[in-house]
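Chemist:
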Amino acid sequence: MIQFIHVYKAYSPGYYVLMDLNLHIRKGEFVFLIGPSGVGKTTFLKLIYREELPTKGEILVSGFNVRVLPNHRLPLLRRKIGIVFQDFKLLPYLSVFDNIALVLQILGYPYTYIKQRVCELSEQLDLKEKLKTKVSNLSTGEKQRVAIARALAHQPPLLLADEPTSNLDAKRSIQTIDLFKELNKLGSTVIVATHNRDLANFVPSARMLEIGKGKIKAKIS
Ligand SMILES: Nc1ncnc2c1ncn2[C@@H]1O[C@H](COP(=O)(O)OP(=O)(O)OP(=O)(O)O)[C@@H](O)[C@H]1O
Ligand SMILES: [Mg+2]
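Now the structure itself:
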C-alpha cells in the first residue's frame, strides 16, 4: 500500500529531517509511528498525502508514485485517504454536522446516507449534542473529535492520524483507538503518529515504527 524507497526530506539544504527511509506498509496494517516532538512524524505523513515532496527518493501510495503525480490527479489519491490533522484544519464557521459531512458531500453520497453516517459518528464520539454548534465555539478536545469523525466519515482505505488523542481524556482516547480498530477490521490501513507510546498498548497486533535521528526502524518486541 505504501512504499518509501531511499527517501530523503530536507526543508533547507543539508538539514535532513528524514534520511534514506526504506519501508513498506502493507494493506490492512495498523501502524504506530512513534517518536519525540520535532523528529519528523508529521513530515512523514505529509509525504504520504503529497502535502510535501521528497527531496530525493520515491514514494508509492496505493499505486500512485506521489513524486510525479500531476496536480490534477491528486484528488484521486486524496479521496482514498482520511486525515486527522495535528492542527485539525476544520472550517471554523461551519457547524459540526457540516464539517463531518463535507467529504461525503464532495464524494456525492446521498443526503439520507450522509445524515445517517454523521449521526452514527457523532454518537460514537460524543458529539450528538453539538451537531448544530459552530466549530469555532467548541473546546479543543471537541474540535479534535470532530476532526476524527471527519476523517472516518467515508471509511477511507488509508487513515493517517497525527497525534489524534493529544487533547482527549483517557476514556475518549481509548474510544478513538477502538474506532480506528473497527476501520482497520474492514480492511483499511491505519497509521497513527504519536509521541504517546502507551496508545499502542490498546492495539497488541499493531506494528511499531520508531522514528528518530532521520531514520525509522521497526521495533521488535
Ligand atoms: N515547513 C517547514 N519548513 C521548515 N522546517 C520544517 C517545516 N515543517 C517542519 N519542519 C521542521 O522539521 C522537523 C520535523 O517536524 P515535524 O513537524 O515533522 O515533527 P513532528 O515529529 O511531527 O513533531 P511534533 O511531535 O512536535 O508534532 C522539525 O525540526 C521542524 O521544525
Ligand atoms: Mg507533528
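Every number in this note's numbering is 21 more than the matching position in the sequence shown, counting from 1.
Cβ atoms here follow ideal geometry from the backbone N, Cα and C, with glycine treated the same way.
1. Curious, which full-length alpha helix (DSSP H) runs of at least 4 residues does the segment 89-173 contain?
2. Taking just the CA atoms, how far does A191 sit from L98?
3. Nearest chain D C-beta to K206 closer than 9 angstroms, yes or no?
4. What does DSSP give as the partner residues of L54 in its beta bridges?
5. From N188 to L148, what distance separates their C-alpha atoms?
6. Who does K236 pair with in a DSSP beta bridge?
7. Can you tell me which of R171, Y134 and E141 puts its alpha carbon nearest to the alpha carbon of I121?
8. Between the alpha carbons of L95 and T64, how many angstroms are there, rounded?
Modeler: Here's the rundown:
1. Entirely contained in the segment 89-173, the alpha helix (DSSP H) runs reaching 4 residues are, in chain order, 95-99, 117-127, 132-145 and 161-173.
2. One alpha carbon belongs to L98, the other to A191, and they sit about 33 angstroms apart.
3. This model lacks chain D altogether, as it is built from one protein chain only.
4. Answer is A214 and L230, bridged to L54.
5. Cα-Cα distance, rounded: 15 angstroms.
6. According to DSSP, which records beta bridges pairwise, K236 is partnered with G233.
7. Taking only the C-alpha atoms, the option nearest I121 is R171.
8. Taking the straight line joining both Cα atoms gives about 18 angstroms.
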